[in-house]
Amino acid sequence: MFTDAELRYLRGGQQLGRIATVGADGTPHVVPVGWIYNAARETIDVGGRDLERSKKFRDVARGGRVAIVIDDLESTDPWRPRGIEVRGRGEAIRLPTPLIRIHPERIVSWGLGAGRSARTV
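Our numbering puts the first residue of the sequence shown at 1485, with every later residue one more than the last.
Structure (structure tokens):
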């Protein structure tokens, strides 16, 4: 699902991403989050303090649509941004530890090697 370059990036120490969900009224909601790559399931798992009480958790539980961007700057001179956007189905899991599990449906990456990559998976 993820390319070798994307997997190296996901496993390379990035800890912060921005998750986007859709509120009950259709309004987008974007917040920074901690995340891990779940290799066994090929998902991005988002956790955090009081996650179960958060708007993002409620949004995912209700609507199931979610995206996350994980990015950084490899260099500022010259300017070299890099990152991955993952869009897909979100799963709000309550037990044993609350988390949002993102099942990729679309992956977009840039700055990770041979240009930009965008594909439906």
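Where a beta carbon is used, it is the ideal one built from N, C-alpha and C, also for glycine.
Self-check item: Coarse secondary structure for residue 1605, derived from DSSP in three states
Solution: Position 121 of the sequence shown, counting from 1, holds the residue named residue 1605. Coil at residue 1605, not helix or strand.
Quiz item: Is the distance from the Cβ of residue 1583 to the Cβ of residue 1577 below 8 Å?
Solution: In the sequence shown, counting from the first residue as 1, residue 1583 sits at position 99. In the sequence shown, counting from the first residue as 1, residue 1577 sits at position 93. Yes, they are a contact pair.
Practice problem: Can you say whether residue 1563 is buried or exposed, counting buried as having 16 or more other CB atoms within 10 angstroms of its CB? | Solution: Here residue 1563 corresponds to residue number 79 of the sequence shown, with the count starting at 1. Burial call: exposed.
Quiz prompt | Residues of its chain near residue 1548, where Cβ-Cβ distance is below 7 Å and the 5 sequence neighbours each way are ignored | solution = Within the sequence shown, residue 1548 is the residue found at index 64, counting from 1. The residues are 1573 and 1574.
Quiz item: Going by Cα to Cα distance, which pick from 1605, 1602, 1581 and 1596 is closest to residue 1492?
Solution: Numbered from 1 along the sequence shown, position 8 holds the residue referred to as residue 1492. Ranking 1605, 1602, 1581 and 1596 by Cα distance to residue 1492 puts 1596 first.
Quiz item: Quick one: does the C-beta of residue 1499 sit closer than 7 Å to a heavy atom of the ligand HEM?
Solution: The ligand HEM is absent from the structure shown, which contains no ligand whatsoever.
Quiz item: Which partner residues of residue 1500 appear in the DSSP bridge assignment?
Solution: As a first step, residue 1500 is located in the sequence shown; it is residue number 16 there, counting from the start. For residue 1500, the pairing in a beta bridge is given by DSSP as 1518.
Quiz prompt | Where residue 1558 sits in the DSSP three-state scheme | solution = Taking the sequence shown and counting its residues from 1, the one referred to as residue 1558 is at position 74. Three-state result, residue 1558: strand.
Quiz item: Looking only at DSSP bridge pairs, what is residue 1511 linked to?
Solution: In the sequence shown, the residue the question calls residue 1511 occupies position 27. Residue 1511 pairs with nothing; no bridge assigned.
Quiz item: Run through DSSP, which three-state label would residue 1490 get?
Solution: The sequence position of residue 1490 within the sequence shown is 6, counting from 1. DSSP places residue 1490 in helix when its eight states are reduced to three.
Practice problem: Give the straight-line distance between the Cα atoms of residue 1599 and residue 1486, rounded to the nearest whole angstrom. | Solution: By one-based count along the sequence shown, residue 1599 stands at place 115. By one-based count along the sequence shown, residue 1486 stands at place 2. Those two C-alpha atoms are separated by around 15 Å.
Quiz item: Which runs of the beta strand (DSSP E) spanning at least 3 residues fall entirely within the segment 1521-1580, listed in chain order?
Solution: The qualifying runs are 1527-1531, 1549-1560 and 1563-1577.
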